[in-house]
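K.L.:
Residue 22 is where the sequence shown starts when you use this note's numbering, and the numbers rise one by one after that.
Using N, Cα and C, we set each Cβ at its ideal position, and we do this for glycine too.
These numbers come from a predicted model, not from an experiment.
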Amino acid sequence: MRIAMLAAQDAPGWRAAHVEGLSAALSALGHEVAVHHPPADLPGQQLGQFVDSLRTEWARARPDLVHGHSWRPGLAAVLAAQPSGVPVIQSFHGLGTGAGQRTGVERLVGKQAALVVATCEHELLELAAAGVPRSRIALAARGVDVELFQPRGDTAQRTGLRRIVTVADPMVDNGLVDLVAALPRLGEVELVIAGTPGSGEADRITRCARRFGVDERVRLLGVVPRAELPALLRSADVVACVPPQATWDALALEAMACGVPVVATAVGGLTDAVIDGVTGVLVPPRDLKQLVRRLRAVLDDETFRNTCEIAGVDRVQARHTWPDVGRSVERLYRHVLEPATPTRKIRAPRPLTTRDSAMS
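Structure below.
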(Lines of atoms letter the chains of each structure in order from A; the text may use other names.)
(Lines give C-alpha, C1' and ligand atoms only; values in the text may rest on other atoms or scores of the structure.)
Protein backbone atom coordinates (compact mmCIF):
# COMPACT_ATOMS: atom_id res chain seq x y z
CA MET A 22 0.00 0.00 0.00
CA ARG A 23 0.98 3.61 -0.59
CA ILE A 24 0.15 5.40 2.66
CA ALA A 25 0.24 9.15 3.28
CA MET A 26 0.53 10.17 6.93
CA LEU A 27 -0.34 13.73 7.99
CA ALA A 28 1.01 14.81 11.37
CA ALA A 29 1.94 18.07 13.07
CA GLN A 30 5.60 19.01 12.76
CA ASP A 31 5.63 20.39 16.31
CA ALA A 32 3.68 17.55 17.96
CA PRO A 33 4.76 16.81 21.55
CA GLY A 34 7.18 13.92 22.05
CA TRP A 35 4.71 11.07 22.57
CA ARG A 36 2.52 12.07 19.63
CA ALA A 37 5.51 12.40 17.32
CA ALA A 38 6.85 9.05 18.55
CA HIS A 39 3.50 7.42 17.77
CA VAL A 40 3.54 8.56 14.14
CA GLU A 41 7.20 7.59 13.79
CA GLY A 42 6.64 4.16 15.33
CA LEU A 43 3.54 3.40 13.27
CA SER A 44 5.20 4.56 10.05
CA ALA A 45 8.24 2.36 10.73
CA ALA A 46 6.05 -0.65 11.56
CA LEU A 47 4.05 -0.27 8.35
CA SER A 48 7.23 0.20 6.32
CA ALA A 49 8.61 -3.02 7.83
CA LEU A 50 5.47 -4.78 6.53
CA GLY A 51 6.38 -3.70 3.01
CA HIS A 52 4.22 -0.59 2.64
CA GLU A 53 5.37 2.73 1.21
CA VAL A 54 4.80 5.45 3.83
CA ALA A 55 5.21 9.20 3.28
CA VAL A 56 4.79 11.61 6.21
CA HIS A 57 3.54 15.15 5.48
CA HIS A 58 3.57 18.02 7.99
CA PRO A 59 0.84 20.70 7.63
CA PRO A 60 1.61 24.31 8.60
CA ALA A 61 1.24 24.93 12.32
CA ASP A 62 -1.46 27.60 11.85
CA LEU A 63 -4.09 25.28 10.33
CA PRO A 64 -6.85 26.16 9.78
CA GLY A 65 -5.33 29.44 8.64
CA GLN A 66 -4.04 31.30 5.60
CA GLN A 67 -1.66 28.50 4.61
CA LEU A 68 -4.38 25.84 4.61
CA GLY A 69 -5.34 26.35 0.97
CA GLN A 70 -1.73 26.31 -0.26
CA PHE A 71 -0.89 23.14 1.63
CA VAL A 72 -4.06 21.35 0.49
CA ASP A 73 -3.44 22.39 -3.13
CA SER A 74 0.13 21.08 -3.00
CA LEU A 75 -1.09 17.70 -1.73
CA ARG A 76 -3.84 17.54 -4.35
CA THR A 77 -1.27 18.19 -7.08
CA GLU A 78 1.10 15.56 -5.69
CA TRP A 79 -1.65 12.98 -5.27
CA ALA A 80 -2.98 13.61 -8.78
CA ARG A 81 0.43 12.48 -10.07
CA ALA A 82 0.92 9.63 -7.60
CA ARG A 83 -2.28 8.69 -5.80
CA PRO A 84 -1.85 7.10 -2.35
CA ASP A 85 -4.09 4.19 -1.45
CA LEU A 86 -5.16 5.95 1.72
CA VAL A 87 -4.40 8.92 3.95
CA HIS A 88 -4.04 8.74 7.74
CA GLY A 89 -4.44 12.00 9.66
CA HIS A 90 -3.11 12.36 13.19
CA SER A 91 -4.80 14.95 15.44
CA TRP A 92 -7.38 17.49 14.37
CA ARG A 93 -5.40 19.98 12.27
CA PRO A 94 -3.69 17.36 10.08
CA GLY A 95 -7.03 15.55 9.88
CA LEU A 96 -8.68 18.66 8.45
CA ALA A 97 -5.96 18.96 5.82
CA ALA A 98 -6.27 15.25 5.05
CA VAL A 99 -10.00 15.25 4.28
CA LEU A 100 -9.76 18.42 2.18
CA ALA A 101 -6.76 17.22 0.17
CA ALA A 102 -8.16 13.73 -0.41
CA GLN A 103 -11.59 14.71 -1.76
CA PRO A 104 -10.78 15.31 -5.47
CA SER A 105 -9.01 11.96 -5.86
CA GLY A 106 -11.43 10.06 -3.64
CA VAL A 107 -8.65 8.69 -1.45
CA PRO A 108 -10.12 7.24 1.76
CA VAL A 109 -9.08 9.00 4.95
CA ILE A 110 -8.31 7.25 8.23
CA GLN A 111 -8.28 9.56 11.25
CA SER A 112 -6.66 9.30 14.69
CA PHE A 113 -7.43 12.18 17.05
CA HIS A 114 -5.25 11.06 19.99
CA GLY A 115 -7.72 12.74 22.33
CA LEU A 116 -10.58 15.12 21.61
CA GLY A 117 -10.89 18.78 22.54
CA THR A 118 -13.46 20.11 24.99
CA GLY A 119 -16.00 22.91 24.87
CA ALA A 120 -17.46 24.60 21.82
CA GLY A 121 -14.31 26.08 20.26
CA GLN A 122 -12.98 25.78 16.73
CA ARG A 123 -11.11 22.55 17.49
CA THR A 124 -14.25 20.74 18.66
CA GLY A 125 -16.19 21.81 15.58
CA VAL A 126 -13.43 20.72 13.21
CA GLU A 127 -13.12 17.39 15.02
CA ARG A 128 -16.81 16.68 14.48
CA LEU A 129 -16.55 17.51 10.78
CA VAL A 130 -13.40 15.47 10.25
CA GLY A 131 -14.77 12.54 12.23
CA LYS A 132 -17.90 12.40 10.09
CA GLN A 133 -15.90 12.68 6.84
CA ALA A 134 -13.33 9.98 7.60
CA ALA A 135 -13.83 6.47 6.26
CA LEU A 136 -12.64 5.18 9.63
CA VAL A 137 -11.65 6.78 12.94
CA VAL A 138 -9.12 4.85 15.01
CA ALA A 139 -9.39 5.07 18.79
CA THR A 140 -6.71 3.77 21.14
CA CYS A 141 -8.94 3.06 24.16
CA GLU A 142 -12.56 2.46 25.12
CA HIS A 143 -12.90 5.96 26.58
CA GLU A 144 -11.91 7.59 23.29
CA LEU A 145 -14.29 5.30 21.42
CA LEU A 146 -17.18 6.50 23.58
CA GLU A 147 -16.10 10.14 23.14
CA LEU A 148 -16.08 9.74 19.37
CA ALA A 149 -19.53 8.17 19.35
CA ALA A 150 -20.83 11.01 21.56
CA ALA A 151 -19.34 13.52 19.10
CA GLY A 152 -21.46 12.04 16.31
CA VAL A 153 -19.06 9.65 14.59
CA PRO A 154 -21.06 6.58 13.51
CA ARG A 155 -20.11 3.59 15.65
CA SER A 156 -19.69 1.49 12.51
CA ARG A 157 -16.82 3.77 11.46
CA ILE A 158 -14.87 3.64 14.74
CA ALA A 159 -12.26 0.96 15.40
CA LEU A 160 -9.84 0.23 18.24
CA ALA A 161 -6.10 -0.21 17.81
CA ALA A 162 -3.74 -0.35 20.78
CA ARG A 163 -1.07 2.28 21.25
CA GLY A 164 2.45 1.14 20.42
CA VAL A 165 5.55 1.16 22.61
CA ASP A 166 9.15 0.93 21.42
CA VAL A 167 10.12 -2.10 23.51
CA GLU A 168 13.67 -2.01 22.20
CA LEU A 169 14.08 1.38 23.88
CA PHE A 170 11.73 0.95 26.85
CA GLN A 171 12.73 -2.25 28.61
CA PRO A 172 13.60 -3.29 32.17
CA ARG A 173 17.30 -3.87 31.46
CA GLY A 174 19.66 -0.99 30.81
CA ASP A 175 21.27 2.05 32.33
CA THR A 176 19.60 3.76 35.27
CA ALA A 177 19.71 7.49 35.99
CA GLN A 178 21.71 8.46 39.06
CA ARG A 179 19.74 8.40 42.31
CA THR A 180 19.98 10.22 45.60
CA GLY A 181 19.40 8.48 48.91
CA LEU A 182 15.66 9.20 48.69
CA ARG A 183 12.92 7.00 47.32
CA ARG A 184 11.82 8.37 43.96
CA ILE A 185 8.58 9.20 42.17
CA VAL A 186 9.05 10.10 38.50
CA THR A 187 6.56 11.75 36.18
CA VAL A 188 6.71 13.42 32.77
CA ALA A 189 4.83 16.65 32.10
CA ASP A 190 2.93 17.48 28.93
CA PRO A 191 2.71 21.27 28.37
CA MET A 192 -0.65 20.90 26.63
CA VAL A 193 -2.61 19.45 29.57
CA ASP A 194 -3.07 19.67 33.32
CA ASN A 195 -0.77 16.91 34.57
CA GLY A 196 -2.01 16.95 38.17
CA LEU A 197 1.51 17.75 39.36
CA VAL A 198 0.35 20.01 42.19
CA ASP A 199 -1.39 16.97 43.71
CA LEU A 200 1.91 15.06 43.66
CA VAL A 201 3.74 17.96 45.32
CA ALA A 202 1.02 18.22 47.98
CA ALA A 203 1.38 14.48 48.66
CA LEU A 204 5.13 14.64 49.34
CA PRO A 205 5.02 15.87 52.98
CA ARG A 206 2.95 12.79 53.90
CA LEU A 207 5.23 10.26 52.20
CA GLY A 208 8.42 10.60 54.22
CA GLU A 209 11.82 10.63 52.54
CA VAL A 210 10.62 10.72 48.95
CA GLU A 211 11.59 12.98 46.05
CA LEU A 212 9.51 13.95 43.03
CA VAL A 213 11.39 14.13 39.72
CA ILE A 214 9.50 15.90 36.92
CA ALA A 215 10.74 15.57 33.35
CA GLY A 216 9.25 17.56 30.49
CA THR A 217 7.84 21.05 30.57
CA PRO A 218 4.59 21.77 32.43
CA GLY A 219 2.39 24.53 31.08
CA SER A 220 3.34 27.95 32.45
CA GLY A 221 0.39 28.10 34.84
CA GLU A 222 1.01 24.62 36.21
CA ALA A 223 4.75 25.29 36.61
CA ASP A 224 4.03 28.36 38.75
CA ARG A 225 1.60 26.40 40.92
CA ILE A 226 4.18 23.64 41.44
CA THR A 227 6.78 26.13 42.65
CA ARG A 228 4.38 27.88 45.03
CA CYS A 229 3.03 24.60 46.39
CA ALA A 230 6.51 23.15 46.98
CA ARG A 231 7.54 26.23 48.96
CA ARG A 232 4.33 26.27 50.97
CA PHE A 233 4.77 22.64 52.03
CA GLY A 234 8.50 22.97 52.58
CA VAL A 235 9.42 20.31 50.00
CA ASP A 236 11.04 22.51 47.35
CA GLU A 237 14.38 20.70 47.86
CA ARG A 238 12.66 17.38 47.10
CA VAL A 239 10.97 18.53 43.87
CA ARG A 240 13.28 18.40 40.87
CA LEU A 241 12.24 19.97 37.56
CA LEU A 242 14.51 18.49 34.88
CA GLY A 243 13.00 20.19 31.85
CA VAL A 244 12.94 18.37 28.52
CA VAL A 245 14.69 14.98 28.70
CA PRO A 246 15.83 13.53 25.35
CA ARG A 247 13.70 10.54 24.46
CA ALA A 248 16.74 8.26 24.34
CA GLU A 249 17.45 9.12 28.00
CA LEU A 250 13.89 8.70 29.25
CA PRO A 251 14.05 4.91 29.86
CA ALA A 252 17.02 5.33 32.22
CA LEU A 253 15.07 7.94 34.17
CA LEU A 254 11.98 5.73 34.38
CA ARG A 255 14.05 2.75 35.52
CA SER A 256 15.46 4.89 38.35
CA ALA A 257 11.96 5.33 39.83
CA ASP A 258 10.34 3.37 42.62
CA VAL A 259 7.01 4.54 41.20
CA VAL A 260 5.99 6.38 38.04
CA ALA A 261 3.02 8.69 38.59
CA CYS A 262 0.57 9.68 35.88
CA VAL A 263 -2.19 11.63 37.61
CA PRO A 264 -3.98 14.03 35.24
CA PRO A 265 -7.47 15.03 36.40
CA GLN A 266 -8.91 14.47 32.92
CA ALA A 267 -8.41 11.98 30.11
CA THR A 268 -5.10 12.45 28.35
CA TRP A 269 -2.23 10.59 26.69
CA ASP A 270 -1.46 7.20 28.31
CA ALA A 271 1.98 6.66 26.77
CA LEU A 272 3.86 7.43 30.00
CA ALA A 273 2.08 4.63 31.86
CA LEU A 274 2.78 2.12 29.08
CA GLU A 275 6.43 3.11 28.78
CA ALA A 276 6.91 2.84 32.54
CA MET A 277 5.32 -0.62 32.52
CA ALA A 278 7.63 -1.64 29.66
CA CYS A 279 10.55 -0.62 31.89
CA GLY A 280 9.20 -2.75 34.73
CA VAL A 281 8.18 0.14 36.98
CA PRO A 282 4.83 0.19 38.85
CA VAL A 283 2.44 2.98 37.90
CA VAL A 284 0.14 5.04 40.09
CA ALA A 285 -2.40 6.63 37.76
CA THR A 286 -5.72 8.43 37.90
CA ALA A 287 -8.70 6.39 36.74
CA VAL A 288 -9.40 8.55 33.68
CA GLY A 289 -9.44 7.95 29.93
CA GLY A 290 -6.98 5.51 28.44
CA LEU A 291 -5.19 5.07 31.76
CA THR A 292 -7.98 2.73 32.86
CA ASP A 293 -7.16 0.53 29.85
CA ALA A 294 -3.38 0.80 30.22
CA VAL A 295 -3.02 0.11 33.95
CA ILE A 296 -4.49 -3.04 35.49
CA ASP A 297 -5.40 -1.99 39.02
CA GLY A 298 -3.56 -4.11 41.56
CA VAL A 299 -1.53 -5.91 38.88
CA THR A 300 0.63 -3.47 36.90
CA GLY A 301 0.06 -0.58 39.29
CA VAL A 302 -2.84 1.12 41.01
CA LEU A 303 -5.60 3.50 39.95
CA VAL A 304 -6.82 6.40 42.08
CA PRO A 305 -9.74 8.81 41.70
CA PRO A 306 -8.67 12.13 40.18
CA ARG A 307 -8.15 15.07 42.56
CA ASP A 308 -8.42 12.80 45.63
CA LEU A 309 -5.32 13.71 47.63
CA LYS A 310 -6.09 11.34 50.50
CA GLN A 311 -6.37 8.33 48.18
CA LEU A 312 -3.32 9.42 46.20
CA VAL A 313 -1.19 9.56 49.34
CA ARG A 314 -2.51 6.21 50.54
CA ARG A 315 -1.84 4.45 47.23
CA LEU A 316 1.60 6.00 46.73
CA ARG A 317 2.63 5.04 50.25
CA ALA A 318 1.34 1.50 49.81
CA VAL A 319 3.33 0.98 46.61
CA LEU A 320 6.49 2.62 47.95
CA ASP A 321 6.39 0.48 51.10
CA ASP A 322 5.69 -2.86 49.40
CA GLU A 323 8.74 -4.20 47.56
CA THR A 324 7.01 -7.49 46.79
CA PHE A 325 4.15 -5.69 45.05
CA ARG A 326 6.61 -3.58 43.05
CA ASN A 327 8.43 -6.71 41.91
CA THR A 328 5.12 -8.28 40.88
CA CYS A 329 4.21 -5.15 38.93
CA GLU A 330 7.55 -5.31 37.14
CA ILE A 331 6.81 -8.76 35.73
CA ALA A 332 3.15 -8.07 34.95
CA GLY A 333 3.78 -4.67 33.36
CA VAL A 334 6.48 -5.94 31.02
CA ASP A 335 4.34 -8.94 30.05
CA ARG A 336 1.31 -6.79 29.28
CA VAL A 337 3.21 -4.36 27.06
CA GLN A 338 5.02 -7.18 25.26
CA ALA A 339 1.70 -8.95 24.65
CA ARG A 340 -0.39 -5.98 23.48
CA HIS A 341 1.67 -2.94 22.61
CA THR A 342 4.75 -3.80 20.53
CA TRP A 343 5.00 -1.86 17.30
CA PRO A 344 5.05 -4.96 15.05
CA ASP A 345 1.75 -6.10 16.59
CA VAL A 346 0.20 -2.63 16.43
CA GLY A 347 1.39 -2.23 12.83
CA ARG A 348 -0.32 -5.47 11.81
CA SER A 349 -3.50 -4.41 13.61
CA VAL A 350 -3.60 -1.06 11.82
CA GLU A 351 -2.76 -2.77 8.52
CA ARG A 352 -5.87 -4.95 8.94
CA LEU A 353 -7.97 -1.82 9.48
CA TYR A 354 -6.52 -0.26 6.33
CA ARG A 355 -7.33 -3.37 4.29
CA HIS A 356 -10.87 -3.41 5.66
CA VAL A 357 -11.39 0.16 4.44
CA LEU A 358 -9.94 -0.64 1.02
CA GLU A 359 -12.08 -3.75 0.47
CA PRO A 360 -14.79 -3.29 -2.18
CA ALA A 361 -18.02 -2.41 -0.39
CA THR A 362 -20.69 -5.11 -0.33
CA PRO A 363 -24.43 -4.38 0.01
CA THR A 364 -24.34 -5.43 3.68
CA ARG A 365 -21.54 -3.04 4.65
CA LYS A 366 -21.95 -0.18 2.19
CA ILE A 367 -21.77 3.23 3.86
CA ARG A 368 -23.34 6.34 2.37
CA ALA A 369 -20.64 8.84 1.41
CA PRO A 370 -20.61 11.94 3.63
CA ARG A 371 -21.15 15.42 2.24
CA PRO A 372 -17.80 16.83 1.03
CA LEU A 373 -16.05 19.08 3.52
CA THR A 374 -14.90 22.52 2.38
CA THR A 375 -12.66 25.21 3.78
CA ARG A 376 -15.87 27.18 4.40
CA ASP A 377 -16.97 24.44 6.83
CA SER A 378 -13.74 24.70 8.80
CA ALA A 379 -14.00 28.48 8.96
CA MET A 380 -17.57 28.29 10.28
CA SER A 381 -16.85 25.68 13.00
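#1: Based on Cα-Cα distance, which residue from N195, A202, F233 lies nearest to T217?
#2: Which word fits Q133, buried or exposed, when buried means at least 16 other C-beta atoms lie within 10 angstroms of its C-beta?
#3: Closer than 6 angstroms by C-beta to A276: which residues in its own chain qualify, once you throw out the five before and the five after it? Chain order, please.
#4: Can you round the beta-carbon distance between A49 and G347 to whole angstroms, since I take them to be within the 8 angstroms contact cut?
#5: What does the alpha-carbon distance come out to for the pair A271 and P264?
#6: Would you mind working out which of A294, A151, V186, Y354 sits nearest V126, comparing C-alpha positions?
#7: With H, G and I counted as helix, E and B as strand and the rest as coil, what does DSSP make of E41?
#8: Thinking just about the alpha-carbon of each residue, which of D345, R352, V357 is nearest to the one in G164?
#9: Looking at V288 and A267, is the spacing between their C-beta atoms short of 8 angstroms?
#10: Taking the continuous alpha helix (DSSP H) assigned at T324, which residues delimit it?
#11: How far does the beta strand (DSSP E) with G301 in it reach, from first residue to last?
#12: How is the alpha helix (DSSP H) around C16 delimited, first residue to last?
#13: Closer than 6 angstroms by C-beta to W79: which residues in its own chain qualify, once you throw out the five before and the five after it? Chain order, please.
#14: Suppose the cutoff is 8 angstroms on Cβ atoms and the five residues either side in sequence are ignored; what does the same chain contact list for D203 look like?
#15: Check whether the Cβ atoms of S256 and R173 lie closer than 8 angstroms to each other.
#16: Check this for me: beta carbons of R419 and A162, under 8 angstroms apart or not?
#17: So, are the CB atoms of C279 and P251 less than 8 angstroms apart?
#18: Note the first and the last residue of the continuous alpha helix (DSSP H) segment covering A273.
#19: In chain order, what residues of the same chain lie with their CB nearer than 6 angstroms to the CB of E211, ignoring the 5 residues before and after it?
#20: Our contact map puts I110 next to A135 with C-beta atoms below 8 angstroms; I'd like the distance itself, whole angstroms only.
#21: Please report the residue range of the beta strand (DSSP E) in which T180 lies.
#22: Leaving out five residues before and five after R23 in sequence, what residues of the same chain have Cβ atoms less than 7 angstroms from its Cβ?
#23: Once the 5 residues before and after V299 are set aside, which same chain residues still bring their CB inside 6 angstroms of it?
#24: Smallest Cα separation from G115: which of E142, L75, V235?
#25: Would you call the CB atoms of H57 and L68 closer than 8 angstroms?
#26: Please classify Q70: does DSSP put it in a helix, a strand, or coil?
P.N.:
Answer, in terms of the structure:
#1: Along the sequence shown, one-based indexing puts residue 217 at 196. Here the closest residue by C-alpha is N195.
#2: Within the sequence shown, the letter at position 112 stands for residue 133. Burial call: buried.
#3: Sequence index remark: in the sequence shown, residue 276 carries index 255 (1-based). L254, V260, V283, listed in sequence order.
#4: To locate residue 49, count along the sequence shown from 1; it is residue 28. To locate residue 347, count along the sequence shown from 1; it is residue 326. About 7 angstroms separates the two Cβ atoms, so the contact holds.
#5: Here residue 271 refers to the residue found at position 250 of the sequence shown. Here residue 264 refers to the residue found at position 243 of the sequence shown. Using only the alpha carbons, I get a separation of about 13 angstroms.
#6: Counted from its first residue, the sequence shown places residue 126 at position 105. When each option's Cα is compared against that of V126, the closest is A151.
#7: Residue 41 sits at position 20 when you count from the first residue of the sequence shown. Reduced to three states, the DSSP call for E41 is helix.
#8: Working through the sequence shown from its first residue, we reach residue 164 at position 143. Here the closest residue by C-alpha is D345.
#9: Locating residue 267 in the sequence shown gives position 246, counting from the first residue. Locating residue 288 in the sequence shown gives position 267, counting from the first residue. The answer is yes: Cβ separation under 8 angstroms.
#10: The residue given as residue 324 occupies position 303 in the sequence shown. Looking at the DSSP string, the run of the alpha helix (DSSP H) that includes T324 is 323-340.
#11: Walking along the sequence shown from the start, residue 301 turns up at place 280. Taken as a continuous stretch (DSSP letters only), the beta strand (DSSP E) holding G301 covers 301-304.
#12: As displayed, the chain neither begins before 22 nor continues past 381, which places residue 16 out of reach and without an answer.
#13: Locating residue 79 in the sequence shown gives position 58, counting from the first residue. Excluding residues within five positions, the ones whose Cβ falls inside 6 angstroms are S105.
#14: Sequence index remark: in the sequence shown, residue 203 carries index 182 (1-based). Here residue 203 is Ala; the residue named in the question, Asp, does not match the sequence. Correct list, in chain order: L309, L312, V313, L316.
#15: For the purposes of this step, residue 256 is identified with residue 235 of the sequence shown, where counting begins at 1. For the purposes of this step, residue 173 is identified with residue 152 of the sequence shown, where counting begins at 1. No, they are not a contact pair.
#16: Residue coverage of the chain in this structure runs from 22 to 381, which leaves residue 419 outside it and unanswerable.
#17: For the purposes of this step, residue 279 is taken as residue 258 along the sequence shown, with counting starting at 1. For the purposes of this step, residue 251 is taken as residue 230 along the sequence shown, with counting starting at 1. Taking 8 angstroms as the Cβ cut-off, C279 and P251 qualify as a contacting pair.
#18: Taking the sequence shown and counting its residues from 1, one reaches residue 273 at position 252. 271-278 is the extent of the alpha helix (DSSP H) around A273.
#19: As a working note, residue 211 is residue 190 in the sequence shown. Cβ neighbours of E211 beyond the five flanking positions: L182, R184, R238.
#20: The residue you call residue 110 lines up with position 89 of the sequence shown. The residue you call residue 135 lines up with position 114 of the sequence shown. Yes, I110 and A135 are in contact; Cβ-Cβ is about 7 angstroms, under 8 angstroms.
#21: Looking up residue 180 in the sequence shown gives position 159. T180 -> no beta strand (DSSP E), and no H or E assigned at all.
#22: Numbered from its first residue, the sequence shown carries residue 23 at position 2. Excluding sequence neighbours, R23 sits near E53, P84, D85.
#23: The sequence position of residue 299 within the sequence shown is 278, counting from 1. Closer than 6 angstroms at the Cβ level, and outside the excluded window around V299, lie A332.
#24: On the sequence shown, residue 115 is found 94 positions in, with the first residue counted as 1. Of the candidates E142, L75, V235, the one whose C-alpha sits nearest the C-alpha of G115 is E142.
#25: Taking the first residue of the sequence shown as position 1, residue 57 is located at position 36. Taking the first residue of the sequence shown as position 1, residue 68 is located at position 47. For H57 and L68, no; Cβs fall outside 8 angstroms.
#26: The sequence position of residue 70 within the sequence shown is 49, counting from 1. Reduced to three states, the DSSP call for Q70 is helix.
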